[in-house]
Structure formats: structure tokens, C-alpha cells
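Have a look at the structure below before the remarks.
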Amino acid sequence: MISLRYIHCNLNSEGNMEEWIPILGMLTGIIIPFGAFTWLYLDEKNKRAAMIEVSKNINDPAKVEELFNALTEKEKEPIDYRRSGVITIFVGIGLYLLGLVALGPVLEGVGLLVTAIGVGTMIAGYLFPNDSVHLSKAVEKFEEK
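Okay, structure coming up:
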């Protein structure tokens, strides 16, 4: 445990910035998740408050239920492996180039690995297409006519 006296003594001395780098790194690892969870909590809290305020002014229970479903349900789209594969390929290429230019052969290997994962994901997208989704969308468009 770092005492306040230790911190105070190091603040007054010059050239001890090397001692602060690990401390700031550990604090960052704590602050970022705490901030993310706080943000998610406040976002959901505001959604609930807005839903309560709107439901006070609506007399029709069906409309209140429709509003509730619109705010809580998320459309679940199937994963498009081709799109994900292309994104992963280009992330791998970027990592490879970063290793080539600045950081060395280890990052080049990581970039090639990520690129290979992207190619595999894209191939999986072509082998297992989302035909059921495309068929159901086509049927819905036909039924609307």
C-alpha cells in the first residue's frame, strides 16, 4: 500500500516520473471499467425515467406496451461473417504494417495471424450464408404487395 507520505515526498522531488507511470497505469485500469459501468447504468436509468414520464401521459395500455417493447427489444440480426471477415483482414494488415514499420517481427506475426483469422471468417461466410434471413425478407416484401 502506498502511503500518502510516500506520495507527498515523491511529488516534491524531481526526476521521479518513472515511479508514477505504473501507478497511473493501475489507476487507468480501475477508472475505465468504472466509468463504462457508470455510463451504462445512467443510460438505462434515463431510459426508464423517460418511459415512466411518457406512460403517465398515455391512457391506452396497448400503446404503453408498444413503447416499452420498442425501447427494450433490440432486433437480432444474424452475424454477417463476410463483413466481419473483411474487417478482420484489414485489422490484420494494419497490424502487420505497424510491425513492419515500427515495432518488429512479433507484431508482423500477430498481423498475419489476425489476417488469417479474417480470411477464415470470410470463407465461413460464403460456406454458411444467411439464406434463411434473405428468404424471410423476400417473403415479407412479397406479402406486403
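This note's numbering puts the first residue of the sequence shown at 1, with every later residue one more than the last. Cβ atoms here follow ideal geometry from the backbone N, Cα and C, with glycine treated the same way.
Can you give the Cα-Cα distance for residue i and residue j, rounded to whole angstroms?
{"i": "E44", "j": "E143", "result": "37 Å"}
{"i": "M26", "j": "M51", "result": "39 Å"}
{"i": "V106", "j": "I32", "result": "28 Å"}
{"i": "W39", "j": "L67", "result": "23 Å"}
{"i": "G94", "j": "F34", "result": "30 Å"}
{"i": "G109", "j": "P22", "result": "28 Å"}
{"i": "F90", "j": "I123", "result": "15 Å"}
{"i": "S19", "j": "A102", "result": "It should be pointed out that residue 19 corresponds to Glu in this sequence rather than to Ser. Taking the straight line from one Cα to the other gives about 26 Å."}
At which residues does the alpha helix (DSSP H) containing residue i begin and terminate?
{"i": "D43", "result": "17 to 57"}
Which word fits residue i, buried or exposed, when buried means at least 16 other C-beta atoms lie within 10 angstroms of its C-beta?
{"i": "T115", "result": "buried"}
{"i": "T121", "result": "buried"}
{"i": "Y96", "result": "buried"}
{"i": "G29", "result": "exposed"}
{"i": "G92", "result": "buried"}
{"i": "Y41", "result": "exposed"}
{"i": "Y126", "result": "exposed"}
{"i": "G118", "result": "buried"}
{"i": "G111", "result": "buried"}
Using a Cβ-Cβ distance cut-off of 7 Å, determine whether residue i contacts chain B.
{"i": "P22", "result": "Reference to chain B is not applicable here, since this structure consists of a single protein chain."}
My parser needs the alpha helix (DSSP H) runs of 4 or more residues fully inside the stretch 81 to 106; what are they? 81 to 98
How about the stretch 49 to 65 and the stretch 83 to 91: do they share at least three Cβ pairs that are nearer than 8 Å? no
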